[in-house]
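Asks: Numbering (the numbering used here), first residue to last: 4 to 234. Where is the CB? At the ideal position from N, CA and C, for every residue including glycine. These numbers were taken from a predicted model, which means no experiment stands behind them.
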Amino acid sequence: MNEQILELLDKYNDYKFSNSTVSRRSEFLELEKPFLQPLPSQDFEIKYYKRLKVQKMGYIYMSTDRHYYSVPYQYIGQRVDVEYTRKTVEIYLEGKRIAFHRISLKQGRYSTIKEHLSSANKAYRHWGLVYFVKKASRIGPNTQKYIDKMITEKEYPETGYKQAQGLLILTKQFPSNRIEEACRLALPYHRHVYHTIAQILEKGIDLDSGELHHNPSIPDHRNIRGKNNYQ
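1) Hey, quick one: how far does the alpha helix (DSSP H) through H198 stretch, first residue to last?
2) Can you tell me the Cα-Cα spacing of E48 and R181, whole angstroms?
3) Compare the beta carbon distance of V74 and V85 with 7 Å and say whether it is the shorter of the two.
4) Apply the 10 Å Cβ neighbour rule to P37 and answer buried if 16 or more other Cβ atoms are within range, or exposed otherwise.
5) Just reading off the beta strand (DSSP E) that E93 is part of, what are its end residues?
6) Considering just the uninterrupted stretch of the beta strand (DSSP E) at F103, what are its terminal residues?
7) Measure the Cβ-Cβ separation of Y76 and S114 and say whether it is below 7 Å.
8) For A139, collect the residues of the same chain with a Cβ closer than 6 Å to its Cβ; drop the 5 residues on either side in sequence, then sort them by chain order.
9) Between the alpha carbons of Y127 and S121, how many angstroms are there, rounded?
10) Quick check on the DSSP output: the alpha helix (DSSP H) that includes V74 runs from which residue to which?
11) Going by the beta-carbon positions, is the gap between K50 and T88 smaller than 7 Å?
12) Spatial neighbours of A185 within its chain, please: CB distance less than 6 Å, with the 5 preceding and 5 following residues excluded, ordered by chain position.
13) Per the DSSP calculation, R54 is bridged to which residue(s)?
14) So M236 and G163 are supposed to be a Cβ contact under 8 Å. How far apart are they, rounded?
15) Compute the Euclidean distance between the alpha carbons of Q156 and K53, then round it to the nearest angstrom.
16) For D17, which option in R27, I8, L9 and E10 has the closest C-alpha, if you only look at C-alpha atoms?
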């Protein structure tokens with residue numbers, strides 16, 4: 004049927020207009036075809052726009068896909084214009100493009116260009132491993148070790164900074180001794196992430212470990228023998 008329609012369409016386009024010597028085809032070839040342009044080399048994409056602040060760890064957070072995209076460390080703390088489509092994310096400051104990424108649909112993950120990171124530039128490390136480990140030492144040695152692992156296990160240290168900050172903020176909800184115990188319990192785990200500590204505390208697992216209860220000291224008495232008596 005389609006082939007028959009095409010045949011009739013050709014005839015229809017060649018019919019002369021009423022009281023005229025031209026047809027649809029001849030008008031197209033003479034008046035329209037010379038002005039036709041090549042089709043765009045890329046598919047048309049609807050663009051969306053946001054204005055976001057570059058976080059201390061050197062990323063912007065796109066709430067639309069719940070994903071982090073790196074920005075050159077020099078722009079930490081500044082507000083940038085973000086232009087994005089279904090495929091790409093472009094980041095601008097004062098009209099100049101400073102970063103480009105492919106869209107990622109991996110929620111809670113990070114798209115990183117190594118050269119963007121402050122850890123790759125020793126002159127710029129306000130938020131770094133030393134900063135977080137020092138903060139953690141005020142809670143206790145296990146928290147210090149846990150945060151150290153949380154950051155150093157990441158391919159890019161900056162991706163661990165936000166989780167480290169989240170762990171430190173837990174001191175607003177829980178006493179330091181509980182956080183310290185939760186970190187002690189979680190240190191042997193294969194992965195060291197914020198959510199592990201948060202769940203231990205929320206479920207009270209640290210309270211059941213028995214380590215939070217201080218054992219009373221043994222009194223000094225002549226009827227109590229020390230370990231040397233059993234050697």
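Replies: On the basis of the coordinates in this document:
1) Along the sequence shown, one-based indexing puts residue 198 at 195. Counting along the chain, the alpha helix (DSSP H) containing H198 begins and ends at Y197 to K206.
2) Stepping through the sequence shown from its first residue, residue 48 is reached at position 45. Stepping through the sequence shown from its first residue, residue 181 is reached at position 178. If I take the Cα positions, the gap works out to 51 Å.
3) As a position in the sequence shown, residue 74 is number 71, starting the count at 1. As a position in the sequence shown, residue 85 is number 82, starting the count at 1. No, these two residues do not count as a Cβ contact at 7 Å.
4) Sequence index remark: in the sequence shown, residue 37 carries index 34 (1-based). The residue is exposed, with fewer than 16 neighbouring Cβ atoms inside 10 Å.
5) Looking up residue 93 in the sequence shown gives position 90. Looking at the DSSP string, the run of the beta strand (DSSP E) that includes E93 is T91 to L96.
6) Position 100 of the sequence shown holds residue 103. Looking at the DSSP string, the run of the beta strand (DSSP E) that includes F103 is K99 to R105.
7) Position 73 of the sequence shown, counted from the start, is the residue given in the question as residue 76. Position 111 of the sequence shown, counted from the start, is the residue given in the question as residue 114. For Y76 and S114, no; Cβs fall outside 7 Å.
8) By 1-based counting over the sequence shown, the position of residue 139 is 136. Result list for A139: T146, Q147 and I150, in chain order.
9) In the sequence shown, the residue the question calls residue 127 occupies position 124. In the sequence shown, the residue the question calls residue 121 occupies position 118. In this prediction, Y127 scores a pLDDT of 46, lower than 50, which makes its location untrustworthy; the coordinate-derived value is nonetheless stated afterwards. So the two alpha carbons sit approximately 5 Å from each other.
10) Within the sequence shown, the letter at position 71 stands for residue 74. Here V74 belongs to no alpha helix (DSSP H), and DSSP marks it neither H nor E.
11) Working through the sequence shown from its first residue, we reach residue 50 at position 47. Working through the sequence shown from its first residue, we reach residue 88 at position 85. Yes, the pair counts as a contact, with Cβ atoms nearer than the cut-off.
12) Walking along the sequence shown from the start, residue 185 turns up at place 182. I200, I203, L204 and D209, listed in sequence order.
13) Position 51 of the sequence shown, counted from the first residue, corresponds to residue 54. Partner(s): D84.
14) Here the chain has residues from 4 to 234 only, and residue 236 is not among them.
15) Reading the sequence shown from its first residue, position 153 is the one you call residue 156. Reading the sequence shown from its first residue, position 50 is the one you call residue 53. The sequence shown places Glu at residue 156, rather than the Gln named in the question. In a straight line, the C-alpha of E156 is about 32 Å away from that of K53.
16) By 1-based counting over the sequence shown, the position of residue 17 is 14. If we check each option's Cα against that of D17, R27 comes out closest.
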